[in-house]
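Have a look at the structure below before the remarks.
Chains as they are written, first to last, in the numbering used here: chain A, 1 to 112; chain B, 1001 to 1112.
The following block contains the structure:
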């Protein structure tokens, strides 16, 4: 299994609070991704990174920011969480663009 | 606007028989396609991929077929086993990008 750790695995928080999710990899892969999974939508890309300090938006990036200061860590931040951001969040990594992405086990986030 | 569609939310198959999961796409710029399997409370696991220059790719019990003119791909699992029971996602990647567009998933149940 690819060495990907997501933390926390579960979180419940209130509307308006900031939330940061962490993805840590031990594979030294260049590319990292954040997705959210919602019923009826499959997985949708939020942001991705193609190197340290190099990030770009995905299809559902509004309300989210990311940072990558080290190869191994990719952080996803909800500056002011809303109930619509209740979801399961997955981190993925790939060695090169175009190669299959490998996923972590997800973070279940509930915003009340 | 769903660019990758899995029109069957669920499928039941007897153990030992063939499972066929289907996926349609609308964007002719997609040139790389993948199938992922997902168990509950785990991240998606990469199964098999195919490039648009091929029309078939096999890996053990899993075969992916690509029909570019129909913008259709399918995953065949032969023989199906109870451990194959999971949600299957197809994904497509546009040429020149590292982003995947996922379908909404098909839940496969293999009956013993």
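All C-beta atoms in this analysis are idealised placements derived from N, C-alpha and C, irrespective of residue type, glycine included.
Proximal residues to residue i (C-beta, below 6 Å), its chain only, five neighbours per side dropped
{"i": "residue 65 (chain A)", "result": "77"}
{"i": "residue 1141 (chain B)", "result": "What the structure shows of chain B is the stretch from 1001 to 1112, and residue 1141 (chain B) is not part of that stretch, so it cannot be assessed."}
{"i": "residue 1030 (chain B)", "result": "1092, 1094"}
{"i": "residue 1063 (chain B)", "result": "1076"}
Alpha-carbon to alpha-carbon, residue j and residue i
{"i": "residue 53 (chain A)", "j": "residue 96 (chain A)", "result": "17 Å"}
{"i": "residue 1053 (chain B)", "j": "residue 98 (chain A)", "result": "14 Å"}
{"i": "residue 1101 (chain B)", "j": "residue 1092 (chain B)", "result": "5 Å"}
{"i": "residue 36 (chain A)", "j": "residue 1096 (chain B)", "result": "23 Å"}
{"i": "residue 1059 (chain B)", "j": "residue 79 (chain A)", "result": "43 Å"}
{"i": "residue 1085 (chain B)", "j": "residue 1061 (chain B)", "result": "14 Å"}
{"i": "residue 1098 (chain B)", "j": "residue 1017 (chain B)", "result": "35 Å"}
{"i": "residue 24 (chain A)", "j": "residue 1014 (chain B)", "result": "40 Å"}
{"i": "residue 1071 (chain B)", "j": "residue 14 (chain A)", "result": "43 Å"}
{"i": "residue 1066 (chain B)", "j": "residue 1022 (chain B)", "result": "10 Å"}
DSSP-derived helix/strand/coil call for residue i
{"i": "residue 84 (chain A)", "result": "helix"}
{"i": "residue 39 (chain A)", "result": "coil"}
{"i": "residue 1083 (chain B)", "result": "helix"}
{"i": "residue 1094 (chain B)", "result": "strand"}
{"i": "residue 1052 (chain B)", "result": "coil"}
{"i": "residue 1099 (chain B)", "result": "coil"}
{"i": "residue 51 (chain A)", "result": "strand"}
Residue closest to residue i, alpha-carbon to alpha-carbon, out of the options
{"i": "residue 1011 (chain B)", "options": "B:1057, B:1061, B:1059, B:1075", "result": "B:1075"}
{"i": "residue 8 (chain A)", "options": "A:94, A:84, A:44, A:21", "result": "A:21"}
{"i": "residue 1088 (chain B)", "options": "B:1108, B:1059, B:1057", "result": "B:1108"}
{"i": "residue 1081 (chain B)", "options": "B:1004, B:1019, B:1069", "result": "B:1019"}
{"i": "residue 106 (chain A)", "options": "A:31, A:55, A:58, A:43", "result": "A:43"}
{"i": "residue 1024 (chain B)", "options": "B:1111, B:1013, B:1103", "result": "B:1103"}
{"i": "residue 29 (chain A)", "options": "A:102, A:109, A:83, A:82", "result": "A:102"}
{"i": "residue 1005 (chain B)", "options": "B:1026, B:1014, B:1013, B:1112", "result": "B:1026"}
{"i": "residue 134 (chain A)", "options": "A:27, A:88, A:94, A:70", "result": "Any question about residue 134 (chain A) goes unanswered here, given that chain A covers just 1 to 112."}
{"i": "residue 1002 (chain B)", "options": "A:19, A:5, A:4, A:59", "result": "A:59"}
{"i": "residue 86 (chain A)", "options": "A:56, A:19, A:104, A:94", "result": "A:19"}
{"i": "residue 45 (chain A)", "options": "A:33, A:38, A:82, A:55", "result": "A:33"}
{"i": "residue 40 (chain A)", "options": "B:1110, B:1106, B:1083", "result": "B:1106"}
{"i": "residue 108 (chain A)", "options": "B:1040, B:1008, B:1009", "result": "B:1040"}
{"i": "residue 31 (chain A)", "options": "A:70, A:111, A:83", "result": "A:70"}
Cutoff 7 Å; reference residue i; Cβ partners in own chain excluding five residues on either side
{"i": "residue 67 (chain A)", "result": "75"}
{"i": "residue 62 (chain A)", "result": "none"}
Taking Cβ-Cβ distances below 9 Å as the criterion, which residues of the segment 1024 to 1043 of chain B are in contact with chain A? 1032, 1034, 1036, 1038, 1041, 1042, 1043
Using a Cβ-Cβ cut-off of less than 9 Å, list which residues of the segment 34 to 54 of chain A approach chain B; keep chain order. 35, 37, 39, 40, 41, 42, 43, 44, 45, 48, 50
Check distances from the C-beta atoms of the segment 1046 to 1074 of chain B to those of chain A and list, in chain order, the residues that come in under 7 Å. 1046, 1049
If the cut-off is 7 Å on Cβ atoms, which residues from the segment 61 to 80 of chain A count as contacting chain B, listed in chain order? none
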